[in-house]
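Here the sequence shown stands for residues 1025 to 1624, where the numbers follow the working numbering. Glycine included, C-beta positions come from ideal geometry on N, C-alpha and C. This structure is a prediction, so every number in the text was calculated from the model and none was measured.
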Amino acid sequence: MSTAILTGQPVPGSSIEADLRSLGFDIRTATDAADAETLLAAVPGDQRVAVVDTRFVGHTHALRLGLTDPRFPLAAVPGAVTAQPAGRQALTRAMARENSTSGGTALAVDSLADRIVTALDADGGEVHRPELGSLVAVVPADPQARNEARQAVGAVDDEAVRLKSAVKARDGFFTTFCISPYSRYLARWCARRGLTPNQVTTASLITALIAAGCAATGTRGGYVAAGLLLLLSFVLDCTDGQLARYSLQYSTLGAWLDATFDRAKEYAYYAGLALGAARGGDDVWALALGAMVLQTCRHVVDFSFNEANHDATANTSPTAALSGKLDSVGWTVWVRRMIVLPIGERWAMMAVLTAATTPRITFYALLVGCAFAATYTTAGRVLRSLTRKARRTDRAAQALADLADSGPLAGLLVRFLPGAARPTAALSAAAGAVMVTLGAWLWGPSWWVVLMAGAYVLLSAEAVARPLKGALDWLVPPVFRAAEYGMVLILAAKADVNGALPAAFGLVAAVAYHHYDTVYRIRGNAGAPPAWLVRAVGGQEGRTLLVAVLAAALTARQFTVALTVLAVAIALVVIAESIRFWVAAHRAGAPSVHDEGEPA
């Protein structure tokens, strides 16, 4: 239960109590500041509490935005302030200060809520103030101002604003113009029936898995159904976020489920297409695995670049300035959002091509589109990094080190690497990646590849031996991903035996889950996965060396079995630990990750 403490002189005809009750608040009324402090102390510390001026005039949705958003410990709109348990101590201190300043006198003129917010700001508290736009939230000083405020409330459609704000502020062209115009109404329909975002997210996953199953039939009817269901899954994927924004049902678990299920849906669909093609006599597992490797590396580029630069100081670049100027030209914004092939455009393309063509053509188009998008975005970020003057923080360096996923082998070798910091991390990582993947391509499963993998381990250790603060050090994690995944793909293809590529697909999927989970923990300010987990799954350099040894030492069929066993073992360990962590974080009330960034 949440509690709202009403302060100030009662206003006849005011709807404030009814509005607060509709938002789930239990109402308490304070006669003065001293009484408000007493009532605040009586509210259990594990409950949300709000202090609201009885003279408040505004839209219910303005109160909802200011008082019910679970992502912020402290939040306020004019005439109202709220605190979750994490911000309760700061609110209590601010109220005690105002009470001592005013001497506990009656609240006839000043708004206690607004004075508390001022005190919180003075204490350095981070008080969230939501963007209200055209929504009204004021504390009128006299009857005339109150009448004017009420007229302003009546002139704005609260529900229309709420529906509009349910749509993500920045999204892709397909999502913005082909999905969101109606999915927002589906989100409202779900809210009115008590459905939660997590339930809609789960429905989206189930729909995508059914789509993958339809694709796996290998029939034209199955492909058409798969395309339609994939689009429906994407509609539901948009709806869950819009439902969360519409009803402010944010949660740590929900943010993780939404992000994780997106990857699971897409990669399961790749597998379904590959199975369907196999039923028709066409082996496209290498294309499916290649698409997953490319897409995962694209995401790691995004994550690494953002983590390296989001808190950098003196972070300016002529390239970034030019990009900002282009954003002021309307059509260039949409072109640039489309050519990076975000999730909406990507899934729409897959759905149409699945229904109309073959899995092979679908994968060819996907690979070409994603390769172009990856080249465009990576080249732009490299250019920005080379032209910007930025000082990266220790936090950014630690995030990149966590994303690198270095294991015990690299940790042991780092101890023996001499010398001061060297600006060669990205070069060392790239050299190692080229050696191990080129060796796999030239020699296939052989001890030569084991030798190359050993050199890769040494170069990987050299790359992470010093803090990753160089201009291009954000490239280290994606290069490691490309090396590990690419070598597995090549060796499985070179094994030339049925089942090797599907087994490799499963292994890369399990490892990619571990890497995505690392990203979501860092974004949620929860740090990297525990050290024991990284040691248990070997680190990226350990897994690369192990796969090379297995390929050289075993027959092709034995290698396939080994890949399958390794995939299952890694999946069980990382998924079990991931579920444990996120469920525990959800129960502890950790704040959710904001979802207004770049489209995935």
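request  = Using only alpha-carbon positions, find the residue among L1047, R1174 and L1277 that is nearest to A1612.
outcome  = Counted from its first residue, the sequence shown places residue 1612 at position 588. Taking only the C-alpha atoms, the option nearest A1612 is L1277.
Beta-carbon separation (whole angstroms), S1189 vs R1269, contact threshold 8 Å = Translated into positions along the sequence shown, residue 1189 becomes position 165. Translated into positions along the sequence shown, residue 1269 becomes position 245. Right, their Cβ atoms sit about 6 Å apart.
ask   = Within this structure, are the beta carbons of V1081 and A1173 separated by less than 8 Å?
value = Within the sequence shown, numbered from 1, the residue matching residue 1081 stands at position 57. Within the sequence shown, numbered from 1, the residue matching residue 1173 stands at position 149. For V1081 and A1173, yes; Cβs fall inside 8 Å.
message = Is the beta carbon of A1507 closer than 8 Å to that of A1516?
response = Indexing the sequence shown from 1 puts residue 1516 at position 492. Indexing the sequence shown from 1 puts residue 1507 at position 483. Not a contact, by the Cβ cut-off of 8 Å.
request  = Evaluate A1449 with the Cβ neighbour count: other Cβ atoms within 10 Å of its Cβ, from every protein chain shown; 16 or more gives buried, anything less gives exposed.
outcome  = As a position in the sequence shown, residue 1449 is number 425, starting the count at 1. Buried: at least 16 other Cβ atoms inside 10 Å.
ask   = Per DSSP, which one or two residues make a beta bridge with V1076?
value = In the sequence shown, residue 1076 corresponds to position 52, counting from 1. In the DSSP output, where bridge partners are listed per residue, V1076 has L1030 and A1104.
inquiry  = With DSSP as the reference, identify every bridge partner of I1051, one or two as the case may be.
reply    = Within the sequence shown, residue 1051 is the residue found at index 27, counting from 1. DSSP, once it has assigned bridges, lists A1028 as partnering I1051.
ask   = Under three-state DSSP, which class holds L1253?
value = For the purposes of this step, residue 1253 is taken as the residue at position 229 of the sequence shown. If DSSP states are grouped into helix, strand and coil, L1253 belongs with the helices.
query = Since A1161 sits in a beta bridge, which residues does DSSP pair it with?
reply = Locating residue 1161 in the sequence shown gives position 137, where the first residue counts as 1. By DSSP's assignment, A1161 forms a beta bridge with G1082.
inquiry  = Can you look up L1131 in the DSSP assignment and give me helix, strand or coil?
reply    = As a working note, residue 1131 is residue 107 in the sequence shown. A caution first: L1131 carries a pLDDT of 47, below 50, which makes its placement in the model unreliable, though a value can still be read off. If DSSP states are grouped into helix, strand and coil, L1131 belongs with coil.
task = Please list, in chain order, all residues of the same chain as A1130 whose beta carbon is under 6 Å from its beta carbon, the five residues on each side excluded.
result = Here residue 1130 refers to the residue found at position 106 when the sequence shown is read from its first residue. Low confidence applies to A1130: its pLDDT is 45, below 50, so where it sits in the model is not reliable enough to give any reading.
query = Helix, strand or coil: which one does DSSP assign to D1628?
reply = The first residue shown for the chain is 1025 and the last is 1624, placing residue 1628 beyond what the model contains.
request  = Quick one: using the 10 Å Cβ neighbour count with 16 as the cut-off for buried, is S1409 buried or exposed?
outcome  = As a first step, residue 1409 is located in the sequence shown; it is residue number 385 there, counting from the start. With 16 or more Cβ atoms within 10 Å of its Cβ, S1409 is classed as buried.
query = Does DSSP put A1302 in a helix, a strand or coil?
reply = Position 278 of the sequence shown holds residue 1302. Here A1302 sits in helix by DSSP.
query = What are the partner residues of L1499, as DSSP defines its beta bridges?
reply = In the sequence shown, the residue the question calls residue 1499 occupies position 475. None; L1499 has no bridge partner.
query = How about the stretch 1583–1598 and the stretch 1560–1570: do they share at least three Cβ pairs that are nearer than 8 Å?
reply = yes
message = Let me confirm a value: M1025 is counted as buried when at least 16 other C-beta atoms fall within 10 Å, else exposed. Which label applies?
response = Here residue 1025 refers to the residue found at position 1 of the sequence shown. M1025 is exposed by the Cβ-count criterion.
query = Under three-state DSSP, which class holds L1098?
reply = On the sequence shown, position 74 is the one that residue 1098 refers to. Strand, per DSSP.
task = Determine the DSSP secondary structure at R1415, reduced to helix, strand or coil.
result = Locating residue 1415 in the sequence shown gives position 391, where the first residue counts as 1. Reduced to three states, the DSSP call for R1415 is strand.
query = Do A1239 and Y1247 have their C-beta atoms closer together than 8 Å?
reply = Position 215 of the sequence shown, counting from 1, holds the residue named residue 1239. Position 223 of the sequence shown, counting from 1, holds the residue named residue 1247. Yes, the pair counts as a contact, with Cβ atoms nearer than the cut-off.
request  = Below 8 Å on the Cβ atoms is my guess for V1392 versus V1438; work out the distance and round it to an integer in Å.
outcome  = Here residue 1392 corresponds to residue number 368 of the sequence shown, with the count starting at 1. Here residue 1438 corresponds to residue number 414 of the sequence shown, with the count starting at 1. Rounded, the Cβ-Cβ distance is 39 Å, inconsistent with contact.
task = Figure out for me which residue from P1154, T1116, D1261 and A1414 has the closest Cα to the Cα of W1498.
result = Position 474 of the sequence shown, counting from 1, holds the residue named residue 1498. For the residues P1154, T1116, D1261 and A1414, the minimum Cα distance to W1498 belongs to A1414.
Length at least 3, wholly inside the stretch 1194–1245: the beta strand (DSSP E) runs in chain order = DSSP runs (the beta strand (DSSP E)) wholly in the stretch 1194–1245: none.
ask   = In chain order, what residues of the same chain have a beta carbon less than 6 Å from the beta carbon of G1032, not counting five sequence neighbours either side?
value = Locating residue 1032 in the sequence shown gives position 8, counting from the first residue. Counting only Cβ-Cβ distances below 6 Å, and skipping sequence neighbours, we find D1077, T1078, R1079 and L1131.
task = Would you mind listing the alpha helix (DSSP H) stretches within the stretch 1364–1435 that are 4+ residues and don't spill past its ends, in chain order?
result = Under the rule that a run must span 4 or more residues, the alpha helix (DSSP H) segments found entirely inside the stretch 1364–1435 read 1367–1380, 1383–1411 and 1418–1428.
task = Select from A1279, L1451, G1494 and D1070 the residue whose C-alpha is nearest the C-alpha of G1548.
result = Mapped onto the sequence shown, residue 1548 falls at position 524. Comparing Cα positions, the closest option is A1279.
message = What does the alpha-carbon distance come out to for the pair V1067 and E1061?
response = Stepping through the sequence shown from its first residue, residue 1067 is reached at position 43. Stepping through the sequence shown from its first residue, residue 1061 is reached at position 37. If you draw a straight line from the Cα of V1067 to the Cα of E1061, it comes to about 10 Å.
query = Comparing alpha-carbon positions, which option in M1374, F1504 and A1397 lies nearest D1429?
reply = The residue you call residue 1429 lines up with position 405 of the sequence shown. Looking from the CA of D1429, the closest CA among M1374, F1504 and A1397 belongs to F1504.
request  = Just grab the DSSP bridge partners of H1538 for me.
outcome  = As a position in the sequence shown, residue 1538 is number 514, starting the count at 1. H1538 is not bridged to any residue.
message = Using only CA atoms, which one of G1037, D1070 and A1074 lies nearest to T1053?
response = Taking the first residue of the sequence shown as 1, we reach residue 1053 at position 29. Selected option, being the one with the closest Cα: A1074.
query = Residues bridged to H1610 by DSSP?
reply = The sequence position of residue 1610 within the sequence shown is 586, counting from 1. For H1610, which the question treats as bridged, DSSP gives no partner whatsoever.
Buried or exposed (CB count within 10 angstroms, at least 16 for buried), N1171 = Translated into positions along the sequence shown, residue 1171 becomes position 147. With fewer than 16 Cβ atoms within 10 Å of its Cβ, N1171 is classed as exposed.
key: C-alpha distance - D1166 paired with V1035, whole-angstrom precision   = Within the sequence shown, the letter at position 142 stands for residue 1166. Within the sequence shown, the letter at position 11 stands for residue 1035. Near 11 Å, if we compare the C-alpha coordinates of V1035 and D1166.
task = Please confirm whether V1224 and L1256 have their CB atoms less than 8 Å apart.
result = Taking the sequence shown and counting its residues from 1, one reaches residue 1224 at position 200. Taking the sequence shown and counting its residues from 1, one reaches residue 1256 at position 232. Taking 8 Å as the Cβ cut-off, V1224 and L1256 do not qualify as a contacting pair.
query = Buried or exposed: S1124, going by 16 or more other Cβ atoms within 10 Å of its Cβ?
reply = Residue numbering aside, residue 1124 sits at position 100 when the sequence shown is read from its first letter. That one is exposed.
ask   = How about the stretch 1475–1484 and the stretch 1306–1316: do they share at least three Cβ pairs that are nearer than 8 Å?
value = no
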